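Numbering (this note's numbering), first residue to last: 40 to 274. We put the beta carbon where it would ideally sit given N, CA and C, even for glycine. Remember, predicted model here, so these are calculated numbers, not experimental data. Working notes for the structure below.
Written as structure tokens, this is what we have:
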């Protein structure tokens, strides 16, 4: 759990432990090799957020879960706190039934988004999404309507998942050791990240998905939050 306090930076849960790409690739590679054992005709290729695959669509078609109004896949067993991986193969397999939708009339994710990035059910405007801007936006300056609503986030954003009833009811702590949180990844101080050097960044996040967020971006995101706190105190 994250500690309370405005001085702490908020990091999305996906980045608390070891880089999920590395963990998933290791498991998917083992599965792929097992499928191909003893046969020269079986072809297989695996992905984990690394290829041109509509993974959420196929997850629903495969019966894993359904695409929620916030765009994430919700499973009955774990909510939306899951990583998706795929193995493409020419092996003939029995198909599962596609999963049905179970969000009902709930709009908690839509109502909770501070930037109104979920413009309507199942439609997400990345230009308004905190996760997009903290992870993917390389510009020095961020849109005012977004950065004024960061609320402590420096790496991703979990707001629309935190409020989801399926997550509040069915979320489970992971039993995958590689996904156990690194101590410094859960809630570092904003002031520390705002001044982190390139060298310290490299040493602090050696095998983390946070490496997607370059040191200058992490400093920028942290300073945006510190500036917002300063303006709030002065106001």
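Counting only the same chain and skipping the five closest in sequence on each side, list residues whose C-beta sits under 6 Å from that of residue i.
i           : result
residue 264 : 189, 191 and 229
Determine whether the beta carbon atoms of residue i and residue j lie at a separation below 8 Å.
i           : j           : result
residue 113 : residue 124 : no
residue 205 : residue 118 : yes
residue 54  : residue 143 : no
residue 83  : residue 60  : no
residue 199 : residue 109 : yes
residue 209 : residue 56  : no
residue 138 : residue 99  : yes
Hey, residue i and residue j are a contact pair by Cβ (cut 8 Å); roughly how many whole angstroms apart?
i           : j           : result
residue 187 : residue 221 : Actually they are not in contact, since the Cβ atoms of residue 187 and residue 221 sit about 30 Å apart, beyond 8 Å.
residue 72  : residue 122 : Rounded, the Cβ-Cβ distance is 20 Å, inconsistent with contact.
residue 45  : residue 268 : 6 Å
Could you check if residue i is buried or exposed, using at least 16 other CB atoms within 10 Å of its CB as the buried criterion?
i           : result
residue 238 : exposed
residue 244 : buried
residue 185 : buried
residue 152 : buried
residue 233 : buried
residue 69  : exposed
residue 224 : buried
residue 168 : buried
residue 241 : exposed
residue 130 : exposed
residue 154 : buried
residue 272 : exposed
Using a Cβ-Cβ cut-off of 8 Å (strictly less than) and excluding sequence neighbours within five positions of residue i, which residues of its own chain qualify?
i           : result
residue 47  : 41, 191, 226, 227, 228 and 229
residue 37  : Residue coverage of the chain in this structure runs from 40 to 274, which leaves residue 37 outside it and unanswerable.
residue 146 : 108 and 160
residue 85  : 64, 67, 68, 70, 71, 124, 125, 126 and 127
Report the option in the options whose CA atom is closest to the CA atom of residue i.
i           : options               : result
residue 203 : 148, 267, 126 and 132 : 148
residue 175 : 159, 193 and 162      : 193
residue 50  : 128, 251 and 269      : 251
residue 52  : 256, 270 and 211      : 211
residue 90  : 115, 111 and 127      : 127
residue 111 : 197, 179 and 235      : 197
residue 214 : 120, 235 and 106      : 120
residue 97  : 270, 65 and 134       : 134
residue 115 : 207, 266 and 231      : 207
residue 162 : 106, 58, 43 and 270   : 106
Can you give me the Cβ contacts of residue i inside the same chain, cut-off strictly under 7 Å, excluding the 5 residues immediately before and after it?
i           : result
residue 171 : 165
residue 181 : 172 and 263
residue 75  : 81 and 83
residue 235 : 254, 257 and 258
Are the C-beta of residue i and some C-beta of chain B separated by less than 8 Å?
i           : result
residue 252 : Reference to chain B is not applicable here, since this structure consists of a single protein chain.
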